[in-house]
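The numbers in my numbering rise by one with no breaks, and the one at position 196 of the sequence shown is 184.
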Amino acid sequence: MTTLTVTPMTQPLGAEISGIDLGKANGETIDRLQDLLSQHLVLLFRDQTLSDEQLVTVSGLFGKLDVPAPNPFGEPFHKGHPEINVISNIVSDGKPAGNLGAGEAVWHADMTYKETPPRAAILYALQVPDAGGNTYFADMYQAYEALPDDLKSEVEGKLAIHDASHNSAGIKRKGYAEITDVRETPGARHPLVRIDPTTGRKALFLGRRPRSYIPGLSVADSDRLLDRLWAHIDNPNFYMCHEWRVGDALMWSNQEVLHRRDSFDADAKRLMHRTQIRHFHSDQAKSSAA
Ligand SMILES: [Fe+2]
C-alpha cells in the first residue's frame, strides 16, 4: 500500500500530500485521500506527471464527473476528454484554449447556482506564468465560527440566490439577460449556513457576491448583510494562498471553501486542466443505503 506523508500547511487550511503518484492511485488510497480532504479541505500534490487520461481516471475514482460547459463555439474545450475543463489564457488560431483568460477571478465556489453544487475539483498545472495567477482558498467553517454574534444570528434561517448568469471572471454566460434587479437573479437558493450532514459542523455558504440577494429582505438590507459577510470572509485568518508550479495537482472541497485567483501578465501563458467531481461514490452509496 502507498505510504502517504501528510504535511499540514502553515496556513489556515490545506495539506501537502507526498509519496504518491496520483496517476497510479488505487481504491484504498482514494478512501484515505477523501478523509484527508474532509479534514484539510485543500490537498496539494507536487511534481505529478499526469496524462489527460490519468487525470480523468483518478478523478473518476472519487466520484461521478461533471462535464463542463462548451466553449463559445459550442465545442468542448478538450475534444479528447470532454470531462476536462481547460483553464487558460492561451489563444490559438483566434480560438481561446480555455476559460477565464488572464484576469482576476473573484471569491466564489464552483457552480453553486445549481441545486446540488459539485463536491470537489482537481486542478492540474501544465504551464504557469513566472508571477501572478496565484489561487486562494478560504475555509468557510472557520469563517462561520469566527462570525460576531449579531451576524451569526442574522444569517440563521436565511437563504441567498447564487447567480447563474455570470462566470467567476464576471463574463455573462450565453443565453442569460443582464440582471438589473437582483431580486430577479436566476440561480439556486441555498441557506447561508451549510450544515455538514456527517459532522453537523456549520459553514458559511456564500457562492459569489455579484448579483446575490437574500429573499425576504429589501435590496438595501440584503446588500448590507451580504457586504458584511463578504468583508468578514476576506481575511487571511481563514485563507491560504497557493503559488503554482508546473506539475502541481490541487484538490479542494467545493462546498466548504471559496476560491479566487489573481490576475497575471496576459502575454504569459497559463494552462491548467480541471476535473469536477459532482458527488463522491461513497456519499452516493450512503444515500442509497439510507
Ligand atoms: Fe472556480
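Glycine included, C-beta positions come from ideal geometry on N, C-alpha and C. Keep in mind it's a predicted model, so treat the numbers as computed, not measured.
Residue i in three-state terms, based on DSSP
{"i": "Asp11", "result": "Note that residue 11 is Gly in the sequence shown, not Asp. Reduced to three states, the DSSP call for Gly11 is helix."}
{"i": "Phe33", "result": "strand"}
{"i": "Phe226", "result": "coil"}
{"i": "Arg197", "result": "coil"}
{"i": "Val234", "result": "coil"}
{"i": "Gly188", "result": "coil"}
{"i": "Gln(-1)", "result": "coil"}
{"i": "Leu43", "result": "helix"}
{"i": "Gly163", "result": "coil"}
{"i": "Lys257", "result": "coil"}
{"i": "Met99", "result": "coil"}
{"i": "Thr104", "result": "coil"}
{"i": "Glu4", "result": "strand"}
{"i": "Ser210", "result": "helix"}
{"i": "His119", "result": "Correcting the residue type first, residue 119 is Ala in the shown sequence and not His. Note: Ala119 maps to coil in three-state DSSP."}
{"i": "Asp271", "result": "helix"}
{"i": "Val143", "result": "helix"}
Cβ distance (whole Å) where residue i is taken to contact residue j below 8 angstroms
{"i": "Thr100", "j": "Ala176", "result": "7 angstroms"}
{"i": "Arg233", "j": "Arg34", "result": "7 angstroms"}
{"i": "Ala93", "j": "Arg249", "result": "4 angstroms"}
{"i": "Asn73", "j": "Asn87", "result": "7 angstroms"}
{"i": "Ser200", "j": "Ala90", "result": "Their Cβ separation, rounded to whole angstroms, is 25 angstroms, which puts Ser200 and Ala90 out of contact at 8 angstroms."}
{"i": "Arg258", "j": "Pro84", "result": "12 angstroms between Cβ atoms; not a contact."}
{"i": "Asp40", "j": "Gly15", "result": "Actually they are not in contact, since the Cβ atoms of Asp40 and Gly15 sit about 21 angstroms apart, beyond 8 angstroms."}
{"i": "Ser47", "j": "Ile183", "result": "Ser47 to Ile183, Cβ: 27 angstroms. No contact."}
{"i": "Ala237", "j": "Ile110", "result": "6 angstroms"}
{"i": "Ala3", "j": "Leu43", "result": "Between Leu43 and Ala3 the Cβ distance is about 20 angstroms, and since that is not below 8 angstroms, they are no contact."}
Burial state of residue i (16 or more Cβ within 10 Å)
{"i": "Phe50", "result": "buried"}
{"i": "Gly204", "result": "exposed"}
{"i": "Gln22", "result": "buried"}
{"i": "Thr173", "result": "buried"}
{"i": "Ala97", "result": "buried"}
{"i": "Lys160", "result": "exposed"}
{"i": "Gly339", "result": "Residue 339 falls outside the range modelled here, since the chain spans only -11 to 278, and no answer is possible."}
{"i": "Ser26", "result": "exposed"}
{"i": "Val79", "result": "exposed"}
{"i": "Ala13", "result": "buried"}
{"i": "Ala165", "result": "exposed"}
{"i": "Thr(-9)", "result": "exposed"}
Mind the definition here: the stretch 128 to 140 touches the stretch 229 to 241 only if three or more C-beta pairs lie below 8 angstroms; say whether that holds. No, they do not touch.
Counting beta carbon pairs with one atom in the stretch 137 to 152 and one in the stretch 251 to 271, are three or more of them shorter than 8 angstroms? At 8 angstroms Cβ cutoff, the stretches do not touch.
Report all residues for which the CB-ligand distance to some heavy atom of ligand 1 is below 6 angstroms; order them along the chain. In chain order, the qualifying residues are His96, Asp98, Ser156, His247.
Count the CB pairs spanning the stretch 207 to 220 and the stretch 150 to 158 that are closer than 8 angstroms, and state whether there are at least three. Not touching, per the Cβ criterion.
Between the stretch 35 to 47 and the stretch 6 to 14, do at least 3 Cβ pairs fall closer than 8 angstroms? Flag = yes, the stretch 35 to 47 and the stretch 6 to 14 touch.
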